[in-house]
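See below for the structure under consideration.
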Amino acid sequence: MSTESTVEKLVSLCKRRGLVFQSSEIYGGIGGFWDYGPLGVELKNNIKQAWWRAVVQERDDMVGQDAAIVMNPTVWKASGHLDTFADPMVDCKECKKRFRADDLVGAVPAGTHGHDAAAKVTSCPECGGELTEPRMFNLMFRTYVGPVEDDASTAYLRPETAQGIFVNFANVLTTTRKKLPLGIAQIGKAFRNEITPGNFIFRDREFEQMEIEYFVKPGTDEQWHQHWVEERYNWYLGLGMRKENVRVRRLEPEEQAHYAKDTYEIEYLFPMGWSELEGIANRTDFDLRRHAEFSGRELEYFDEESGEHIVPYVIEPSSGVDRLFMAFLVDAYAEEEVRGEKRVIMRLHKDLAPIKVAVLPLSRHEKLVPPAREVWGLVRKHWMSQYDDAQSIGRRYRRQDEVGTPLCVTIDFDTLEDKAVTIRERDSMEQVRVPIAGLVDALREKLNTDD
Ligand code: GAP
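To convert a position in the sequence shown, counted from 1, into the working numbering, add 2.
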């Protein structure tokens, strides 16, 4: 399958099945912004929940927080974003198309910023026309706080959630009374006025990040860096991503962001090639020192072992929900032939599947409706489920396969006699008959959940 056809198929499936819509589509849309529909919001929530569970709930060295999107603008001075969060932009003098200069050079992986690849490319890749000199373009969205629009009221939509964690480091440390190593996790929106958003939801102007700032004693940072690279890599495999499609790459010194001493990327083999899913950077004490300097506050940790005040180093695993959403879909998408017909199947891990169980009466016959509704009543208390009675049962199975529903429960005329239903599995298409009284237990066993 060509790159275009894979992405096109996904975009079309996402729209047709209510996963992702173009933002404000009825007005012609707006580049780099997307809306998540009824099934999309479920998948997105499931990705976030799986992440939170792995990095907060199941660890004793991590806590969560949720900071505001708009922060005191000095944050961005201290972090370096006002000065360096920029991409080189070039325009074609002939066809007027605009490009990111580093994309043209092809030396910098998609999604990274602040690298001046100083485009040596001088002609337009589309029409061969002459390109302008690269100009640096700051990617932060600007806004005003309060009624007066002047320099004093200028504020920014955060381009990363990370800074909300750094500025709360002392608050979290004091209130949780935790010792190092201590990690703070956050999920939230980030905004970047990307010069060339694209590849569906891979590079957006509004997106959601899942970030961890993991504070450690200096000298232990390299070992914790390795720990997090392994943890995060295994998380993707644990959620069913195919090993051959995920890799870890260590960035070259010239690829590092301004704050990083060393960075690994977890990359996914997207239809357009290997691209960043998640960055895992050693940010050293850069951010805490800068915020201490700009705020005048002490952002230190008292190490009881050595009796010294130290500025912790930080390991930062940082990923994007939208990009992971796309990767999980690309990875799960398959087409196969079943009895001479094409079956589109989304082999999503059951924890990610938007709908866990579909309840399907064989037909709309009046005798089947009451037991089918009763079964749905049992199931929906435990899992996200769907009741579907439109069209043939075969078509309904296909509809559920296409959006990754792991289990379908069918109510037929035998149900009226034996008080039993059929569970059909997405991947194997195997069917088993279980009594309604034991249905929830049987589903729980198959979904292997605690709900
Ligand atoms: N705090 C570090 C940081 O923000 P980054 O590599 O710029 O680092 C981290 O971003 C992750 O956020 C990326 O690996 C990617 O998953 C996601 N991301 C970044 N820019 C994005 C964009 N424009 N659209 C969608 N996701 C993006």
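Don't be surprised by glycine CBs; every beta carbon is placed ideally from N, CA and C.
> Looking at LEU279 and the ligand GAP, is the gap between the Cβ and the nearest heavy atom below 7 Å?
Replying inline: One-based indexing of the sequence shown puts residue 279 at position 277. Yes - the ligand GAP has a heavy atom lying nearer than 7 Å to the Cβ of LEU279.
>> Quick check: does the Cβ of SER320 come within less than 7 Å of any heavy atom belonging to the ligand GAP?
In response: As a working note, residue 320 is residue 318 in the sequence shown. If you check the C-beta of SER320 against the ligand GAP, you find a heavy atom less than 7 Å away.
>> Quick check on GLN433: does DSSP put it in helix, strand or coil?
In response: To locate residue 433, count along the sequence shown from 1; it is residue 431. In the three-state reduction of the DSSP assignment, GLN433 falls in the strand class.
> If you draw a straight line from the C-alpha of VAL13 to the C-alpha of GLY66, how long is it?
Replying inline: As a working mapping, residue 13 is identified with position 11 in the sequence shown. As a working mapping, residue 66 is identified with position 64 in the sequence shown. A direct Cα-Cα distance of roughly 33 Å separates VAL13 from GLY66.
> Any chance the CB of ALA164 is under 7 Å from a heavy atom of the ligand SAH?
Replying inline: Looking at this structure, you won't find the ligand SAH anywhere; what it does contain is the ligand GAP.
> Does DSSP put GLY309 in a helix, in a strand, or in coil?
Replying inline: In the sequence shown, residue 309 corresponds to position 307, counting from 1. Coil, per DSSP.
> Relative to the alpha-carbon of GLU343, which residue among SER365, HIS384 and ARG397 has its alpha-carbon at the smallest distance?
Replying inline: Within the sequence shown, residue 343 is the residue found at index 341, counting from 1. The shortest Cα separation from GLU343 among SER365, HIS384 and ARG397 belongs to ARG397.
> What residues in its chain sit with their C-beta under 7 Å from that of THR134, if we drop five residues either side in the sequence?
Replying inline: Counting from 1 along the sequence shown, the entry for residue 134 is found at position 132. Apart from sequence neighbours up to five positions away, the residues of its chain that approach THR134 with a beta-carbon distance below 7 Å are VAL92, ASP93 and LYS95, ordered along the chain.
>> DSSP has GLU215 in a bridge; who is on the other side?
In response: On the sequence shown, residue 215 is found 213 positions in, with the first residue counted as 1. Answer by DSSP bridge pairing, in chain order: ILE186.
> Relative to the C-alpha of ASP68, which residue among GLY148, ILE186, VAL57 and PRO75 is closest?
Replying inline: Counting from 1 along the sequence shown, the entry for residue 68 is found at position 66. Among GLY148, ILE186, VAL57 and PRO75, the Cα nearest to that of ASP68 belongs to ILE186.
>> Alpha carbons only, please: which of ARG102, LYS358 and THR412 is nearest the one belonging to LEU1?
In response: Only positions 3 to 453 of the chain appear in this structure, which leaves residue 1 out of reach.
>> For THR424 and THR407, which I take to be in contact (beta-carbon distance under 8 Å), what is that distance rounded to the nearest angstrom?
In response: On the sequence shown, residue 424 is found 422 positions in, with the first residue counted as 1. On the sequence shown, residue 407 is found 405 positions in, with the first residue counted as 1. The Cβ separation is near 15 Å, so there is no contact.
> Which residues does DSSP pair with ILE347 in a beta bridge?
Replying inline: For the purposes of this step, residue 347 is taken as the residue at position 345 of the sequence shown. Its beta-bridge partners are ALA336.
>> Please tell me whether GLY221 has its Cβ less than 8 Å away from any Cβ of chain B.
In response: The structure shown contains no chain B; it is built from a single protein chain.
>> Taking the beta carbon of ARG435 as the centre, do at least 16 other beta carbons fall within 10 Å, making it buried, or is it exposed?
In response: Numbered from 1 along the sequence shown, position 433 holds the residue referred to as residue 435. When all chains shown are included, ARG435 counts as exposed.
> Which residue's Cα is closest to the Cα of ARG2: GLU233, ASP414 and ARG426?
Replying inline: The chain is shown from 3 up to 453; residue 2 falls before or after that span and cannot be answered.
> Any contact of the stretch 154-172 with the stretch 123-134, i.e. 3+ C-beta pairs under 8 Å?
Replying inline: With a cut-off of 8 Å, the stretch 123-134 and the stretch 154-172 do not count as touching, because too few Cβ pairs lie within range.
> Residues in its own chain within less than 6 Å of HIS201 by CB, not counting five upstream and five downstream?
Replying inline: As a first step, residue 201 is located in the sequence shown; it is residue number 199 there, counting from the start. The sequence shown places Asn at residue 201, rather than the His named in the question. If you ignore the 5 residues before and after ASN201, its C-beta comes within less than 6 Å of the C-beta of MET274, all in its own chain and listed in chain order.
> Taking just the CA atoms, how far does GLU404 sit from HIS384?
Replying inline: Your numbering for residue 384 matches position 382 in the sequence shown. Your numbering for residue 404 matches position 402 in the sequence shown. For HIS384 and GLU404, the distance between alpha carbons rounds to 22 Å.
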